[in-house]
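For the sequence shown, the UniProt record's numbering assigns the number 1 to the initial residue and increments by one for each residue that follows.
For every residue, glycine included, the Cβ atom is placed at its ideal position computed from N, Cα and C.
Being a predicted model, the structure only gives us computed values, none of them experimental.
Have a look at the structure below before the remarks.
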Amino acid sequence: MRLGRAARITLGAVTALILVVIYLPLLVVLANSFSTSTSLSWPPPGFTLEWWGRAFQSAGALDAVGTSVAVAVVATAVALVLGTLISLALQRFAFFGRDAISLLVVLPIALPGIITGIALNNFFRTILGVPLSIWTVVIAHATFCIVTVFNNVIARLRRLGVNLEEASADLGAGVWTTFRLVTFPQLRSALLAGGLLAFALSFDEIIVTTFTAGSGVTTLPIFILNNMFRPNQAPIVAVIAVVLVVVSIVPIYLAQRLSGSEQTRR
């Protein structure tokens with residue numbers, strides 16, 4: 001489709017405006033992390049690296065980072081296993097209710113986070129009767145991390161078809177051997193991309209975490225929320241926010257590169 005000059009200019013202007021609205025606040029946060037002011041003010045009155053040094057020496061911030069990483073790693077591992085198994089079941093087998101199950105698997109990522117958080121909070125405390133802890137956070141994160149793995153793996157399975165797997169079975173290989181030597185090598189990049197996206201999604205999640213974390217569990221987003229309006233903590237929060245943005249961008253960028261490289265090879 002070819003666009004006229006006026007349409008291209010209009011589309012470019014709208015795109016530039018949207019990008020400015022999205023990324024300008026992030027640049028303001030970055031500038032405030034180097035500001036001499038003790039509050040999130042604009043413009044910054046001066047430049048300093050003091051807040052970066054204090055942020056990396058903050059025991060509470062470091063503990064929050066460790067908690068977020070631990071939760072994200074475990075939730076991603078659970079999502080990789082369950083998401084792959086669900087994808088194989090729904091794509092390779094035909095059974096009654098398959099479409100309904102596929103919808104139920106994808107639904108957690110579409111629901112508002114506050115609805116998911118309230119539902120899981122009631123499930124853990126009322127139905128199961130278990131106290132909220134880091135493990136309830138892991139389970140809660142896994143419910144929506146599974147979706148990212150599921151979408152990546154099932155899309156790859158649809159493109160692969162079953163010819164190679166059937167050929168492996170005809171040559172006498174069992175189900176596990178076929179998966180290990182034929183299916184899994186073709187799914188590795190999809191699994192890696194899905195795992196990176198799941199990690200990023202879990203690492204910066206706050207709404208569901210707020211409803212499913214116990215009083216002693218503080219992830220990095222919760223730490224930011226709790227300290228944002230405390231005296232002299234705003235610049236440190238800005239530093240942590242910048243680090244959180246970078247940590248979130250890296251896995252998303254790698255996942256995009258993996259997906260793009262795979263499409264180019266094909």
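Cα-Cα separation between residue i and residue j, rounded to whole angstroms
i	j	result
Ala6	Gly12	10 Å
Gly117	Phe199	19 Å
Thr36	Leu27	16 Å
Phe34	Gly53	11 Å
Trp179	Ser102	For the sequence presented, residue 179 should be read as Phe rather than Trp. Answer to the nearest angstrom: the Cα atoms are 22 Å apart.
Ala89	Phe229	48 Å
Val78	Leu196	13 Å
Val130	Phe124	6 Å
Asn32	Phe184	46 Å
Gly97	Val105	12 Å
Ser168	Val182	8 Å
Asn227	Ala75	26 Å
Val138	Val69	11 Å
Phe150	Ser189	13 Å
Ala55	Pro221	14 Å
Trp42	Ile18	22 Å
Gln256	Leu49	33 Å
Arg92	Ile9	47 Å
Gln57	Trp51	10 Å
Leu171	Glu165	10 Å
Pro44	Thr15	28 Å
Leu128	Leu24	45 Å
Trp176	Ser248	35 Å
Reference residue i, options the options, closest by Cα
i	options	result
Ala110	Val242, Val65, Thr148, Arg156	Thr148
Leu30	Ala193, Thr84, Val138, Val243	Val243
Ala142	Asn227, Thr67, Ala72, Asn122	Ala72
Val250	Asp204, Arg230, Arg159	Asp204
Ala140	Arg158, Asn226, Leu160, Gly113	Gly113
Phe47	Pro235, Leu220, Gly214, Leu201	Pro235
Ile252	Ile224, Ala238, Ser202, Pro221	Ser202
Ile134	Ser248, Gly216, Trp51	Gly216
Thr210	Ile115, Tyr23, Glu165	Ile115
Ser87	Leu171, Thr126, Gln57, Ile146	Ile146
Reduced DSSP category for residue i - H, G, I as helix; E, B as strand; rest coil
i	result
Phe47	strand
Ser102	helix
Ser215	coil
Ser37	coil
Arg230	coil
Val247	helix
Ile206	coil
Gly129	coil
Phe95	coil
Trp42	coil
Cβ separation of residue i and residue j, assumed to be a contact under 8 Å, to the nearest whole Å
i	j	result
Ile206	Ala61	Actually they are not in contact, since the Cβ atoms of Ile206 and Ala61 sit about 15 Å apart, beyond 8 Å.
Leu191	Val153	7 Å
Leu187	Arg159	Contact flag wrong, Cβ pair sits at about 11 Å.
Val208	Leu120	7 Å
Thr218	Ala59	Rounded, the Cβ-Cβ distance is 11 Å, inconsistent with contact.
Thr67	Thr136	Wrong, their Cβ atoms sit about 13 Å apart, outside the cutoff.
Ile224	Val237	5 Å
Gly194	Gly83	7 Å
Leu132	Gly214	4 Å
Terminal residues of the alpha helix (DSSP H) in which residue i lies
i	result
Pro25	5-32
Pro221	220-227
Gln186	184-203
Ala64	59-92
Leu157	134-160
Leu164	163-170
Leu120	113-122
Thr177	175-178
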